[in-house]
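A.B. asks: FYI, the numbering for the sequence shown is 49 to 330, going by the working numbering.
In this text, a Cβ means the ideal position worked out from N, Cα and C, and glycines have one as well.
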Amino acid sequence: MTTTGTTLVIGATGTTGSRTAAQLTAAGHRVKAASRRATPVAGAEPVPFDWYDPATHAAALDGVDRVYLIPPLGDSDPAASMLPFLRQARAAGVRRAVLLSSSAIPEGGPAVGAVHQALPNLFGQWAVLRPSWFMQNFTGTHAHARSTRDEGVIWTATGSGRVGFVDAEDIATVAMRALTDEPAPNTDLVLTGPEALSHDDIAAVITEVTGRPVVHRRLSYEQMRDRLTTQVPVEFAAMLAGMDRAIAEGVEDRITDTVQRLTGRPPRTFRALLEKEMRSGG
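(1) For Asp125, count neighbouring C-beta atoms within 10 Å of its own C-beta (all shown protein chains included) and say buried if the count is 16 or more, exposed if not.
(2) So what's Glu93 in DSSP terms, helix, strand or just coil?
(3) Along the chain, where does the alpha helix (DSSP H) containing His264 start, and where does it finish?
(4) Arg138: which of Gly172, Ala128, Ser151 sits nearest, CA to CA?
(5) Can you tell me which residues form a DSSP beta bridge with Gly116?
(6) Going along the chain, which residues of its own chain have a beta-carbon closer than 8 Å to the beta-carbon of Gln271, five neighbours each way excluded?
(7) Leaving aside the five residues before and after Arg319 along the sequence, list all residues of the same chain whose C-beta is less than 7 Å from its C-beta, in chain order.
(8) CA-CA distance, Thr221 and Gln71?
(9) Mark Ser66 as exposed unless 16 or more other C-beta atoms lie within 10 angstroms of its C-beta, in which case mark it buried.
(10) Which partner residues of Ile202 appear in the DSSP bridge assignment?
(11) Measuring CA to CA, which of Thr187, Ala140, Ala90 is closest to Arg78?
(12) Return the chain-ordered list of same chain residues with a C-beta closer than 8 Å to the C-beta of Thr50, the five sequence neighbours on each side being excluded.
(13) Please specify which runs of the beta strand (DSSP E), each continuous and at least 3 residues long, are wholly inside the region 170 to 244, giving them in chain order.
(14) Between Arg84 and chain B, is the shortest Cβ-Cβ distance under 9 Å, so that the two count as touching?
(15) For Arg260 and His247, I'd like the C-alpha separation in whole angstroms.
(16) Is there contact between the region 172 to 183 and the region 213 to 230, where contact requires at least three CB pairs shorter than 8 Å?
(17) Within the chosen definition, does the region 156 to 170 reach the region 188 to 199 through at least 3 CB pairs nearer than 8 Å?
(18) Where do the ends of the beta strand (DSSP E) carrying Ser83 lie?
(19) Would you check if the distance between the CB atom of Pro119 and the CB atom of Val160 is smaller than 9 Å?
(20) Is Ala106 buried or exposed, if buried means 16 or more other CB atoms sit within 10 Å of its CB?
(21) Does the Cβ-Cβ distance between Trp242 and Thr317 come in under 9 Å?
(22) Based on Cα-Cα distance, which residue from Tyr269, Leu147, Ile219, Val262 lies nearest to Thr304?
(23) If you draw a straight line from the alpha carbon of Ala166 to that of Leu131, how long is it in whole angstroms?
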């Protein structure tokens, strides 16, 4: 598939944004890579962008016909800054928008759920990606990855609840297809890996692949909330601990065929991701 369009990738230095920008440029698509500091991204045109600084929006949208949307991080009301931008984007000639949401947030739900609800009325071509929890939470700079490395412990209030953890590279591949395929998906897409794993399972796989003993310590909701309050604001800590509690109750115990259906290949397993990271010295 070829296109003469240009894609604005917001959050182009982040976990899925960087991978989406890389996959688009590798496939020959023109990309404007938006980040607060206009950080250089290989093969793309870097542009400054800040959700909370409307003065950065017009230049970022110039010449763009599709956009990949990463909501402002940690914002409990992202619609306040995103909806005015999306209306401006439509007026500027953007025809397609792909939004990163979460499997835990339905259309019309809290936070980015309100943006999800508004998207189909703003653009004729759209998709909402609703990935499960990222496998990269255990390998990058996330709190789970740090405690795994520093203490050999994963702390959660998820109990024995299982999650269809998904590789960020698979999310990016779906994002590229959602941005470039004809016709556009015009739906929301729940993305998971190929298996649902508990945090006990995750700890066991990390131990087997890396040779470093890792255990999962089960906390109560209150213990997890209090632990998180040392790292993030109390309301956000309560929300995150509540997500753990929901996992314990089984809400994330599912797998979908979306990655296979849209990319033509099965999603990567957590073990395969760890083995790849070990080989690359990550």
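C.D. replies: For this structure:
(1) exposed
(2) strand
(3) Looking at the DSSP string, His264 is not in any alpha helix (DSSP H); the run it does join, the beta strand (DSSP E), is 263 to 266.
(4) Gly172
(5) Note on residue identity: the sequence assigns Tyr, not Gly, to residue 116. Answer by DSSP bridge pairing, in chain order: Val57, Val146.
(6) Ala205
(7) Val253, Val257
(8) 7 Å
(9) buried
(10) His264
(11) Ala90
(12) Summary for Thr50: the model assigns pLDDT 44, below 50, so the residue's position carries little reliability, and this model does not support an answer.
(13) 173 to 179, 201 to 204, 236 to 239
(14) In summary, chain B is missing from the structure at hand, where a single protein chain is found.
(15) 16 Å
(16) yes
(17) no
(18) 78 to 83
(19) yes
(20) exposed
(21) Just to set this straight, residue 242 is Pro in the shown sequence, not Trp. Yes. Within cutoff.
(22) Ile219
(23) 8 Å
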